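Novice: Sending over a structure as structure tokens; questions will come in a sec.
Number of protein chains: 2
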Amino acid sequence: MPDVRTAEVIAVGTELLLGETHDTNSAELAGSLAALGVDVYWSQRVGDNLERVREALERALGRSDLVVLTGGLGPTDDDLTRDAVACVLGETATVDPALEAWLRERFAAFRRDMPERNLRQAERIPSAEALPNPIGTAPGWLVRVHRDGRDLTVVTLPGPPREMRRMWHHEAVPRLSFGGGALYARTFKTLGVGESDVAVRLGDLTAGANPSVATYAKRDGVHVRVAAKGIDADDARRRAVAVEADVGDLLGDSVWGHDDDTLAELAVAALQRRGATLAVAEVASGGALADLLSDVTGAEGTLGGAVIAWGPETMATLGVATDLLARLPASAAEAVAALATSVRALFDVDYGVAVGPAFPHAGDGADDVSGPDRNESAATRVVIAIAAPGGTTVRPLTFPPLGRAWLRERLAFTSLFLLRSSLS
Amino acid sequence: MPDVRTAEVIAVGTELLLGETHDTNSAELAGSLAALGVDVYWSQRVGDNLERVREALERALGRSDLVVLTGGLGPTDDDLTRDAVACVLGETATVDPALEAWLRERFAAFRRDMPERNLRQAERIPSAEALPNPIGTAPGWLVRVHRDGRDLTVVTLPGPPREMRRMWHHEAVPRLSFGGGALYARTFKTLGVGESDVAVRLGDLTAGANPSVATYAKRDGVHVRVAAKGIDADDARRRAVAVEADVGDLLGDSVWGHDDDTLAELAVAALQRRGATLAVAEVASGGALADLLSDVTGAEGTLGGAVIAWGPETMATLGVATDLLARLPASAAEAVAALATSVRALFDVDYGVAVGPAFPHAGDGADDVSGPDRNESAATRVVIAIAAPGGTTVRPLTFPPLGRAWLRERLAFTSLFLLRSSLS
Chain A
1102 MPDVRTAEVI
1112 AVGTELLLGE
1122 THDTNSAELA
1132 GSLAALGVDV
1142 YWSQRVGDNL
1152 ERVREALERA
1162 LGRSDLVVLT
1172 GGLGPTDDDL
1182 TRDAVACVLG
1192 ETATVDPALE
1202 AWLRERFAAF
1212 RRDMPERNLR
1222 QAERIPSAEA
1232 LPNPIGTAPG
1242 WLVRVHRDGR
1252 DLTVVTLPGP
1262 PREMRRMWHH
1272 EAVPRLSFGG
1282 GALYARTFKT
1292 LGVGESDVAV
1302 RLGDLTAGAN
1312 PSVATYAKRD
1322 GVHVRVAAKG
1332 IDADDARRRA
1342 VAVEADVGDL
1352 LGDSVWGHDD
1362 DTLAELAVAA
1372 LQRRGATLAV
1382 AEVASGGALA
1392 DLLSDVTGAE
1402 GTLGGAVIAW
1412 GPETMATLGV
1422 ATDLLARLPA
1432 SAAEAVAALA
1442 TSVRALFDVD
1452 YGVAVGPAFP
1462 HAGDGADDVS
1472 GPDRNESAAT
1482 RVVIAIAAPG
1492 GTTVRPLTFP
1502 PLGRAWLRER
1512 LAFTSLFLLR
1522 SSLS
Chain B
1102 MPDVRTAEVI
1112 AVGTELLLGE
1122 THDTNSAELA
1132 GSLAALGVDV
1142 YWSQRVGDNL
1152 ERVREALERA
1162 LGRSDLVVLT
1172 GGLGPTDDDL
1182 TRDAVACVLG
1192 ETATVDPALE
1202 AWLRERFAAF
1212 RRDMPERNLR
1222 QAERIPSAEA
1232 LPNPIGTAPG
1242 WLVRVHRDGR
1252 DLTVVTLPGP
1262 PREMRRMWHH
1272 EAVPRLSFGG
1282 GALYARTFKT
1292 LGVGESDVAV
1302 RLGDLTAGAN
1312 PSVATYAKRD
1322 GVHVRVAAKG
1332 IDADDARRRA
1342 VAVEADVGDL
1352 LGDSVWGHDD
1362 DTLAELAVAA
1372 LQRRGATLAV
1382 AEVASGGALA
1392 DLLSDVTGAE
1402 GTLGGAVIAW
1412 GPETMATLGV
1422 ATDLLARLPA
1432 SAAEAVAALA
1442 TSVRALFDVD
1452 YGVAVGPAFP
1462 HAGDGADDVS
1472 GPDRNESAAT
1482 RVVIAIAAPG
1492 GTTVRPLTFP
1502 PLGRAWLRER
1512 LAFTSLFLLR
1522 SSLS
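Order-wise, the sequence lines are chains A and B. Residues in the first sequence are numbered consecutively from 1102, following my numbering. Residues in the second sequence are numbered consecutively from 1102, following my numbering.
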């Protein structure tokens, strides 16, 4: 079986083209292919039009060893991926009795009649191997093609991300051979420095090609990715090692994690190492912090409760003195500290984190732990307080005015960053 | 100035291709172009490679009136979009003194020295008009091209979505002419019916081309989009009117809103019409409901507070009787009703909504208001209760096991759907 060295993804669907549905499949497949050492230079999106899907596939086969098409495998007349592949390969699709039996069984299990048009999903061209889809009704195809002296492969996958993901990893990848080397990648995740400051610290390192060093501004801070290609996994790692160490040194304390780490998981793990419990009170972050914590598996015993206050009255309900609330924003540090202490007592936990209300701020943002890399007029001031067994710490922070949704999320990540720092 | 009838987007950047950064620009631009009556049949993504960007642009100019490139306008050697455009058009880019002055001023305003490599961003080819970028350092280009008897336009936009969006709407669109008709679109948003049930209800309507009817499974339910093209806005609307009415009738009560409506905004508006206030208690939704409510502008006076309980102990802290908690899940309906009543009293509001804990459920999901369209083994059972001035209603619901994050979000949307129904 020939090795796949170059691949390209074609996402099929007018709804993707028009932004009605976000195409996350292309990027996910490309990322997976890159990790398998395959070069991905192109990606196409085309609408539900036979001629254009056909043309995109022809072009892709002319320049890539493997072409993965996602979407267009449904039962309707708009689902044209099967037809386009059949047309390009000069074959005719007919109903495969085994696929038909599987499909009818599947509908029977739902206690539903199978509409006759669903029979399209049981079609197969002679040279296609069917890829099973136990979580949907659209099987995929894997077709090996010999063209102009080249050995090529076409894979079709369903559009729904869960079905696509399962079929790719469990059905398609095991049937392919990737001998083109391997990619090693390590991502450093930082908070508290802007992207341009990270770039300054990294200097010439970002100019290298192998290993490559790239920065990305993400929801939870700036990520720095070191990636190297090698003839195998060991070789790729070896090529990255020196640069990876340099990047770690240059970023220093601002690094909070790597790769798949999340701030919420690390904060919960730090609490669990101490056998400590947590409760949170949120004003300006409006539930975003609780939402991140809720995502951590196995955190139930560590997390007490959370309270979201949408106004000063609610802060009073939680036990913050009304004279403190009357003197906001001047009394913000004291009031938010009181909120952290109150929520710690209410839920009887070891640590109480409070995110205070947002107030306009006309300063220069120099003490912003969140490191925004932007220049806008009115900044926002928010106090975050952590009530711990040893006392309460208060941190006033300044954020750029990038909207409520952005602020809520950034406050949630910043709180976790501060909590984790205070625990280590 | 010639009218733009067909357009295509090229997103430039290796990080987009590899999924390191999600390409949201392509879909956003394509949606905007569709609304302007422009046909978008293709979309390409290419890495930071001069030859491949050049090739993608050549191909696009051969088939589309307008080509919009996003990304690759930064100061580094990897930012090749300017070079690719210059190369395809056979022109040489030189530093534009006006752009250079603007750029140096911009850095001075940050009190930072301009690295000499940023001078690349002040370059322009003779036939390009510069598009100002007041919120970044990369100006765009608008280039009019006459080729093979066709009048074509190339637009370059920066990669960061905020800069891209501003430049597209405020700088590029006003300089272009879109005479190719207009698109009218109306989206119906539903909850409580699965996508296949929606398809059954709509029947043959989804087979039409103009107006077209399409369904999309979204985070807040199934959306149905009716779209029509016409010679102008009135004509497009006229073509859609009959089908739009039919779709509305067929979907009936399951429709909760249209177009840009959000469930949280509609629920808050319904509360405000009654002068009523709201508090929420969340167990299985873990803050997702509070997060949605926090996103509503002007809701401060309507929203009291929210409590997230991560375990039964916290439900006890909030006042749910311990004997009820001891008999969970059998006592779920009573316990969640008590939670709704407690949170209503705690924050002294008119309505208390409680989302209970999640328990495994082996039923057939027939009473699932959330309408999942999937077949999986173990379903999840969650009770939602609404404590209102006239009494407390309890709704036991079944959800498919699609993961914690999915469940949290779906519970939040379902709670708002039920609250809004109970208010109307």
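Idealized CB from N, CA, C, for every residue including glycine. Everything numeric in this text was worked out from a predicted model, so none of it was measured.
In chain order, what residues of the region 1433 to 1455 of chain A put their CB closer than 9 Å to some CB of chain B?
Specialist: L1447, F1448, D1449
Novice: Quick one: does Q1222 of chain B have its CB under 9 Å from some CB of chain A?
Specialist: no
Novice: Mind reading off the beta-carbon distance from R1155 of chain B to L1118 of chain B? Whole number of angstroms is fine, and I expect it under 8 Å.
Specialist: About 16 Å separates the two Cβ atoms, so there is no contact after all.
Novice: Could you tell me whether the region 1450 to 1462 of chain A touches the region 1478 to 1494 of chain A, using the rule of 3 or more Cβ pairs below 8 Å?
Specialist: yes
Novice: Looking only at DSSP bridge pairs, what is T1494 of chain B linked to?
Specialist: B:I1487
Novice: Buried or exposed: which applies to P1176 of chain A, given that a residue is buried once 16 or more other Cβ atoms fall within 10 Å of its Cβ?
Specialist: It is buried - the Cβ of P1176 of chain A has at least 16 other Cβ atoms within 10 Å.
Novice: Counting only the same chain and skipping the five closest in sequence on each side, list residues whose C-beta sits under 8 Å from that of P1262 of chain A.
Specialist: T1125, N1126, E1129
Novice: Following the continuous alpha helix (DSSP H) through L1390 of chain A, name the residue where it begins and the one where it ends.
Specialist: 1389 to 1395
Novice: Take the Cβ of E1206 of chain B as the centre, count every other Cβ of all protein chains shown within 10 Å, and call the residue buried at 16 or more, exposed below.
Specialist: exposed
Novice: In chain A, which residues lie with their C-beta within 9 Å of the C-beta of Y1285 of chain B?
Specialist: Residues of chain A passing the Cβ test: none, with the nearest at roughly 14 Å.
Novice: If you drop the 5 nearest sequence neighbours on each side, which residues of the same chain put their C-beta closer than 6 Å to that of A1310 of chain A?
Specialist: Around A1310 of chain A: no qualifying Cβ.
Novice: Could you list which residues in chain B have their beta carbon closer than 9 Å to that of T1418 of chain A, in chain order?
Specialist: G1405, G1406, L1447, F1448, D1449
Novice: In three-state terms, what does DSSP make of F1279 of chain A?
Specialist: coil
Novice: What are the residues that DSSP puts in a beta bridge with T1515 of chain B?
Specialist: DSSP, once it has assigned bridges, lists no residue as partnering T1515 of chain B.
Novice: DSSP three-state call for D1305 of chain A: helix, strand or coil?
Specialist: helix
Novice: Specify whether the region 1314 to 1330 of chain A and the region 1260 to 1274 of chain A touch according to this definition: at least 3 beta carbon pairs, one from each stretch, less than 8 Å apart.
Specialist: no
Novice: Does V1141 of chain B come within less than 9 Å of chain A when only Cβ atoms are used?
Specialist: yes
Novice: Comparing the C-beta of H1123 of chain B with each C-beta of chain A, is any distance below 9 Å?
Specialist: yes
Novice: Among B:E1272, B:L1232, B:A1223, B:R1183, which has the Cα closest to the Cα of E1192 of chain B?
Specialist: B:R1183
Novice: Under the DSSP definition of a beta bridge, which residues are partnered with W1242 of chain A?
Specialist: Beta-bridge pairing links W1242 of chain A to A:A1231, A:T1257.
Novice: Can you tell me whether DSSP reads P1262 of chain B as helix, strand or coil?
Specialist: Helix.
Novice: If you measure between the beta carbons of R1340 of chain B and P1312 of chain B, is that distance less than 9 Å?
Specialist: yes
Novice: Does chain B have any CB closer than 9 Å to the CB of Q1145 of chain A?
Specialist: yes
Novice: By the three-class DSSP mapping on this structure, what secondary structure does G1132 of chain B have?
Specialist: helix
Novice: If you draw a straight line from the alpha carbon of G1388 of chain A to that of D1333 of chain A, how long is it in whole angstroms?
Specialist: Between G1388 of chain A and D1333 of chain A, the C-alpha separation is close to 45 Å.
Novice: Thinking C-alpha only, which one of A:A1308, A:F1289, A:A1328 is nearest H1359 of chain A?
Specialist: A:F1289 is the residue among A:A1308, A:F1289, A:A1328 whose C-alpha sits nearest the C-alpha of H1359 of chain A.
Novice: Taking C-alpha atoms, which residue in A:R1374, A:E1383, A:G1349 lies nearest to S1525 of chain A?
Specialist: A:R1374
Novice: Roughly how many whole angstroms lie between the Cα atoms of E1224 of chain A and T1195 of chain A?
Specialist: Distance between the alpha carbons of E1224 of chain A and T1195 of chain A: 5 Å.
Novice: Do we get a CB-CB distance below 9 Å when we pair G1148 of chain A with the residues of chain B?
Specialist: It does: the Cβ of G1148 of chain A has a partner Cβ on chain B nearer than 9 Å.
Novice: So, does the CB of I1485 of chain B fall closer than 9 Å to a CB anywhere in chain A?
Specialist: no
Novice: Note down, in chain order, each residue of its chain lying with its Cβ closer than 6 Å to the Cβ of A1108 of chain B, except the 5 sequence neighbours on either side.
Specialist: So the list reads L1134, V1139, V1141, S1165, L1167, once near-sequence residues are dropped.
Novice: Where do the ends of the alpha helix (DSSP H) carrying T1442 of chain B lie?
Specialist: 1433 to 1447
Novice: If you count every other CB in all the chains shown that lies within 10 Å of the CB of H1247 of chain B, and 16 or more means buried, which is it?
Specialist: exposed
Novice: Need the endpoints of the beta strand (DSSP E) that W1203 of chain A sits in, please.
Specialist: Here W1203 of chain A belongs to no beta strand (DSSP E); instead the alpha helix (DSSP H) covers 1198 to 1210.
Novice: Please state whether the Cβ-Cβ distance between A1380 of chain A and G1405 of chain A is less than 9 Å.
Specialist: yes
Novice: W1242 of chain A: which of A:L1190, A:G1282, A:L1306, A:S1355 sits nearest, CA to CA?
Specialist: Distances from the alpha-carbon of W1242 of chain A to those of A:L1190, A:G1282, A:L1306, A:S1355 put A:L1190 closest.
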